[in-house]
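UniProt numbering numbers the first residue of the sequence shown as 1 and each following residue consecutively.
The structure appears right after this line, and notes come after that.
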Amino acid sequence: MRSLLAFMRHLWVDRRGNVAMIYAIALVPMVVCACAALDFARAVMVRSAMAAALDGAGLAVGASPNLAPDAVQTLAQSYFNANYRVDSSYGVPQAVSISQSGQDVTLNVSITMPTVMMKLVGVSSIPVDATAVITRNSKNIEVALALDTTGSMSGTKIADLKTAASDLIDIVVQDQQSPTYTKVAIAPYTMGVNLGSYADQARGALAAGKAITGASRANPVVITAPGHAYANGDIIYIAGVAGMTQLNGNTYTVANKTTNSFELKNVDGRNYGSYAGGGTAYCTKLGCQYYFFANAAGGSTLLPASSCVSERTTNAYNDAAPSLTPLGYNYAASSNPCINATIMPLSSDKPALKATVEGLSAAGSTAGHIGVAWAWYLLSPAFSYLWPSSTQQPAAYGGDNLIKVAVLMTDGAFNTPYCNGVISRDAGSGSGNTSDHINCNAPNGSSASQAKQLCSAMKAKGIIVYTVGFQVGNDASALDVLNSCATDSAHAYFPSSGSDLKNAFRDIAQQITNLRVKS
1 MRSLLAFMRH
11 LWVDRRGNVA
21 MIYAIALVPM
31 VVCACAALDF
41 ARAVMVRSAM
51 AAALDGAGLA
61 VGASPNLAPD
71 AVQTLAQSYF
81 NANYRVDSSY
91 GVPQAVSISQ
101 SGQDVTLNVS
111 ITMPTVMMKL
121 VGVSSIPVDA
131 TAVITRNSKN
141 IEVALALDTT
151 GSMSGTKIAD
161 LKTAASDLID
171 IVVQDQQSPT
181 YTKVAIAPYT
191 MGVNLGSYAD
201 QARGALAAGK
211 AITGASRANP
221 VVITAPGHAY
231 ANGDIIYIAG
241 VAGMTQLNGN
251 TYTVANKTTN
261 SFELKNVDGR
271 NYGSYAGGGT
281 AYCTKLGCQY
291 YFFANAAGGS
301 TLLPASSCVS
311 ERTTNAYNDA
321 APSLTPLGYN
331 YAASSNPCIN
341 ATIMPLSSDK
351 PALKATVEGL
361 SAAGSTAGHI
371 GVAWAWYLLS
381 PAFSYLWPSS
391 TQQPAAYGGD
401 NLIKVAVLMT
411 DGAFNTPYCN
421 GVISRDAGSG
431 SGNTSDHINC
441 NAPNGSSASQ
451 AKQLCSAMKA
461 KGIIVYTVGF
471 QVGNDASALD
481 VLNSCATDSA
491 HAYFPSSGSD
501 LKNAFRDIAQ
511 QITNLRVKS
């Protein structure tokens, strides 16, 4: 500007005719250029300020992929307004516009800036606009929920849990599953975890019973069961016999066995009904469909096998494949039965996930360590072969674009460890009748100590662990487990009300989402 003014002064004092004429011709465009330079400088300043404010809005939008379009617009506008500080004399920006293509979010804003100098030559305003493109660096997310549905969760507590877990699913699971995915798995637990149709692969198939083809009305009763393979002294359980129904529902000792028959020791069947067909003789050892054992009350108990599982004693605190080390059997009493709800492997099907949550009901004792274990196993690549669909199978550990998260929820102390597939003699208060407990202590120790060791091993694999203690109050054991299991204190939540529980799950969900999206 100074050089232009000096040049003009030089022309003004130059008296030569040609120079005067040139000056007269050039004066107008030079003045226009000088005015334009000032207004263009103002426009550059406005554009720079809008671009900076738009970048802040873009980062906020990029980190919040779950919002509805109206909420996205509101968020972007609020961030832009908070960061754009140019005086209104430069004009008022239009509303921020937003569009998305794949992982790219484009934000645009424009302003009509009034001119200061150019209006002298008839140009009253200049259009100025700014654009920001934010690329979401999304990661694959695998989340496993271990949800306590024990008897103490009845009433409003289970209803609150359903709402909280459903909210988390809505926030975490994205509608768009490409180029990255977000999946959730669910492990409801009470006295165990129900594997449903996956149980045989995880803990081994149960020994089948032997078909009965005849039963004599004699003393002792002779059972015909071709190829039965039972030995003298074995305890068997009989069910399903027609006609001679007195045999059903009882245990017997095998005597005088042959290849195809055996006696029922000390059983007089002369007054029984006539055998009319059918029936099955079941073994009653560990691994059979029924288990006959010495109970903790000094007597004997027969319990049926369930599709729930208990802990294993070998490779108890790693995720070795069940094909290498099967999980424990689970023999459940009618007063503390196997949980109805089965596990759900990783899925991005929101309706199916929420239907699983909605189907939860509260009953039974708290084998929290088994819930913890299956939150891990559902994220473990070593367990992948259990799940028939590739979309259900967890990815290998350590992927650059992968985050694995376990959310462990309970409302109290863990009290139900196992010995040989039955709740152990040293199980805690609230774990059922002693007549349904086996007469041996849990070889792996208490449920709480097992849970803590499982959490340590899980975290060593890079899994992020959140814990939620719902109304646990001052329960020292529960607090110890939850604080020990969490990745750190910021990952441990202790909601004291239903609304607090919902807020905790929403906060966890948002944190998981923020882990996924980095702008």
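Backbone N, C-alpha and C define an ideal beta-carbon position, used for all residues, glycine too.
Quantities reported herein were computed from a predicted structural model and do not represent experimental measurements.
Through-space distance from residue j to residue i, alpha-carbon basis
i           : j           : result
residue 58  : residue 135 : 9 angstroms
residue 356 : residue 387 : 17 angstroms
residue 148 : residue 437 : 21 angstroms
residue 47  : residue 514 : 30 angstroms
residue 323 : residue 345 : 18 angstroms
residue 125 : residue 87  : 16 angstroms
residue 281 : residue 222 : 12 angstroms
residue 127 : residue 112 : 5 angstroms
residue 117 : residue 38  : 7 angstroms
residue 23  : residue 122 : In this prediction, residue 23 has a pLDDT of 48, which is less than 50 and means its spatial position is unreliable; nothing more can be read from the coordinates.
residue 331 : residue 191 : 10 angstroms
residue 172 : residue 422 : 37 angstroms
residue 36  : residue 101 : 37 angstroms
residue 364 : residue 338 : 8 angstroms
residue 452 : residue 484 : 6 angstroms
residue 150 : residue 378 : 21 angstroms
residue 213 : residue 224 : 6 angstroms
residue 196 : residue 492 : 31 angstroms
residue 218 : residue 240 : 19 angstroms
residue 477 : residue 62  : 41 angstroms
residue 486 : residue 144 : 14 angstroms
residue 265 : residue 389 : 50 angstroms
residue 297 : residue 431 : 14 angstroms
residue 110 : residue 129 : 4 angstroms
residue 68  : residue 175 : 12 angstroms
residue 465 : residue 373 : 12 angstroms
residue 497 : residue 348 : 29 angstroms
Neighbour-count burial assignment, residue i, 16 or more Cβ in a 10 Å radius
i           : result
residue 299 : exposed
residue 93  : buried
residue 424 : buried
residue 155 : exposed
residue 182 : buried
residue 471 : buried
residue 85  : exposed
residue 200 : exposed
residue 177 : exposed
residue 91  : buried
residue 188 : buried
residue 469 : buried
residue 301 : buried
residue 263 : buried
residue 142 : buried
residue 527 : The displayed coordinates of the chain run from 1 to 519. Any statement about residue 527 would go beyond what the structure contains.
residue 160 : buried
residue 194 : buried
residue 328 : buried
residue 226 : exposed
Rounded distance between the beta-carbons of residue j and residue i, thought under 8 angstroms
i           : j           : result
residue 242 : residue 269 : Going by Cβ atoms, the distance from residue 242 to residue 269 rounds to 15 angstroms, so no, they are not a contact pair.
residue 80  : residue 53  : 5 angstroms
residue 186 : residue 353 : 7 angstroms
residue 146 : residue 509 : With 8 angstroms as the limit, residue 146 and residue 509 do not qualify as a contact, their Cβ atoms being about 16 angstroms apart.
residue 360 : residue 162 : 6 angstroms
Extent of the continuous beta strand (DSSP E) run through residue i
i           : result
residue 283 : 280–283
residue 262 : 261–264
residue 533 : Beyond the ends of the chain as shown, which are 1 and 519, falls residue 533; an answer cannot be given.
residue 200 : That residue, residue 200, is in no beta strand (DSSP E); its alpha helix (DSSP H) goes 199–203.
residue 188 : 182–189
residue 100 : 97–101
residue 140 : 140–148
residue 321 : Here residue 321 belongs to no beta strand (DSSP E), and DSSP marks it neither H nor E.
residue 125 : 125–135
residue 403 : 402–410
residue 156 : Careful: residue 156 lies outside any beta strand (DSSP E), inside the alpha helix (DSSP H) at 156–172.
residue 468 : 464–469
residue 239 : 235–239
residue 291 : 290–294
First and last residue of the uninterrupted alpha helix (DSSP H) at residue i
i           : result
residue 354 : 350–358
residue 81  : 69–83
residue 482 : 476–485
query = Per the contact definition of three or more C-beta pairs closer than 8 angstroms, is the region 403–415 in contact with the region 226–238?
reply = no
task = Determine contact between the region 391–401 and the region 439–453, defined as no fewer than three beta-carbon pairs at a distance below 8 angstroms.
result = no
inquiry  = Contact between the region 316–336 and the region 370–390 is defined here as three or more beta-carbon pairs at a separation below 8 angstroms; is this criterion met?
reply    = yes
ask   = Would you call the region 208–217 and the region 154–174 in contact, with 3 or more CB pairs under 8 angstroms?
value = no
task = Report yes or no: do three or more beta-carbon pairs, one from the region 446–461 and one from the region 359–375, lie closer than 8 angstroms?
result = yes
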